[in-house]
Every structure is written in C-alpha cells, then in structure tokens.
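One structure below.
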Ligand code: XBP
Ligand code: MG
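Residue numbers (my numbering): 1 to 240.
Structure follows, in structure tokens:
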C-alpha cells in the first residue's frame with residue numbers, strides 16, 4: 001500500500017538546473033574574476049557529476065587554467081560553491097523558477113488525502129529552502145514528513161543514501177513508498193533503495209534511458225495526469 005511520495009527536487013519539482021544552478025554557477029565564476037561560463041549544452045555533461053561542489057571540482061580537474069594542486073582546487077571549489085548557492089537563492093527569490101506542471105496539484109492531492117510527502121535530494125539545504133519558500137510559502141516545511149538534503153546524505157545520487165534516510169525518517173518501508181525523479185542517477189538511487197520510481201523527464205534528460213522506471217512521461221500533467229490513484233496502482237502492479 002502506498003504511504004509516502006518521495007520527491008527529488010532539481011529537475012523534478014522545477015527546471016532548476018538549466019535556469020537556476022547553471023546561471024548561479026556562472027555568476028559565482030564572474031564574481032571571482034574567473035573567465036568561465038557554463039552554457040546550456042556544456043552543462044548537460046557537467047550534470048553527470050551530482051553535487052554542486054563536486055561538479056565544480058570535476059570541472060577544475062580538466063581545465064588547464066585552474067589551480068594545478070589538488071588542495072588549491074578543493075579550496076577554490078569550497079569558496080565558489082556557497083557563492084553559487086547565494087546567487088541561486090537570489091534568483092529563486094526573484095521568482096525566476098516556477099514549479100513544473102502538475103507538481104503543485106499532486107502535492108495538494110497528497111495533503112488532501114493525508115499521504116505523507118518527503119524530499120530526497122542531493123542539493124544543499126539552503127537551495128531547498130529557497131526554492132520551496134518561493135513555491136509553497138514560508139511554512140513549506142510543514143508540508144513534508146521528512147526533508148533529506150545533501151548535508152544529511154553526503155553520498156550523492158546514484159547512491160541510495162538520501163532515499164534510505166527518507167524512508168527511515170518517514171517510517172515507511174521501501175515497498176510503501178513511491179519516488180519521483182527526472183534523471184538516470186536519481187532513478188538509480190531510488191531503485192537501489194528498493195523504491196518504485198516514476199520519471200518526469202526534465203530538459204537535460206529528454207533523451208535519456210530510464211530502465212527500471214515504473215513509468216516515464218514528459219510531466220505530471222501530460223494526459224492522462226499522474227494522480228495518487230495511478231501511482232498506487234503502479235505500486236501494486238509491481239507486486240509490492
Ligand atoms: C541535484 C544536484 C545538485 C544541483 C546543485 O541532483 O546534482 O548538485 O545541481 O545543487 P538531484 P548543490 O536532482 O538528483 O538531487 O550545489 O546544492 O549541490
Ligand atoms: Mg533531479
């Protein structure tokens with residue numbers, strides 16, 4: 001029986017990567033006087049590394065004009081990442097990011113039916129706070145039975161740590177939960193935690209393979225709309 005719906009954030013709740021984080025990384029580079037810009041196409045490759053600090057580090061490792069020493073590169077990534085997050089928060093607070101189709105509808109349906117909502121993301125807590133405060137209002141935390149962020153689960157997706165922790169905090173078993181994701185890494189994380197997962201493709205994963213997903217669609221409102229009843233039957237259909 002379905003008892004909890006666990007949401008990924010970036011790409012699933014909103015197109016935060018292309019329009020939010022990417023733009024904010026570029027602002028952090030510019031502020032630090034660094035001549036680097038991540039364009040929309042290049043960011044697709046960069047997204048293979050989950051975690052903002054880890055993503056910067058991976059980029060520095062392959063740039064000839066980045067510090068040569070590992071310690072210096074690590075220090076630079078640690079300096080740039082919080083600045084990126086500050087720019088992201090600013091952008092979100094200005095209303096620069098809106099929820100994807102059907103997200104608010106399905107969250108409202110969960111609330112109305114007493115279905116637990118949870119978040120399992122590999123994004124920093126400040127970013128989650130900025131986004132949901134903008135989308136749901138200042139009391140957004142009251143919507144969720146558990147909010148697992150990068151600080152709680154340092155092993156980034158595709159590692160299942162964030163999902164395992166979310167299950168534990170909500171107090172449900174893997175077969176009683178359903179995950180919503182937008183990326184192959186996210187789907188792998190949910191499945192590795194034993195959770196069935198539906199995928200709404202985001203801009204960067206429009207052509208990705210999603211083997212093992214309960215279903216894959218463009219968004220939650222694409223006909224027929226994703227409802228709790230539909231998710232519940234997807235869950236029982238898998239035999240769990
Ligand atoms: C999200 C991420 C994050 C964001 C940036 O993955 O990989 O790193 O890109 O956020 P998912 P931070 O959607 O699977 O949770 O800078 O806070 O890491
Ligand atoms: Mg995602």
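Beta carbons are placed, not taken as given, at the ideal position from N, Cα and C, and that holds for glycine.
Within the chosen limit of 6 Å, the ligand XBP reaches the beta carbon of residue 124 through at least one heavy atom.
Ordered by chain, the residues meeting the criterion of a beta-carbon within less than 7 Å of a non-hydrogen atom of the ligand MG are 8, 9, 10, 11, 12, 181, 182, 183, 186, 202. By the CB criterion at 7 Å, residue 206 and residue 99 fall outside the cutoff. DSSP places residue 46 inside the alpha helix (DSSP H), whose first and last residues are 40–46. With fewer than 16 other beta carbons inside 10 angstroms of its own, residue 111 counts as exposed.
For residue 198, the enclosing beta strand (DSSP E) stretches over residues 196–200.
Of the heavy atoms belonging to the ligand XBP, none sits nearer than 6 Å to the Cβ of residue 26.
Residue state for residue 10 is assigned as strand, using DSSP reduced to three classes.
With fewer than 16 other CB atoms across the displayed protein chains lying within 10 angstroms of its CB, residue 68 is exposed.
Membership of residue 231 in the alpha helix (DSSP H) is indicated by the continuous run 228–237.
In the DSSP assignment, residue 181 falls within the unbroken beta strand (DSSP E) covering 177–181.
The nearest non-hydrogen atom of the ligand XBP is 6 Å or more from the C-beta of residue 171.
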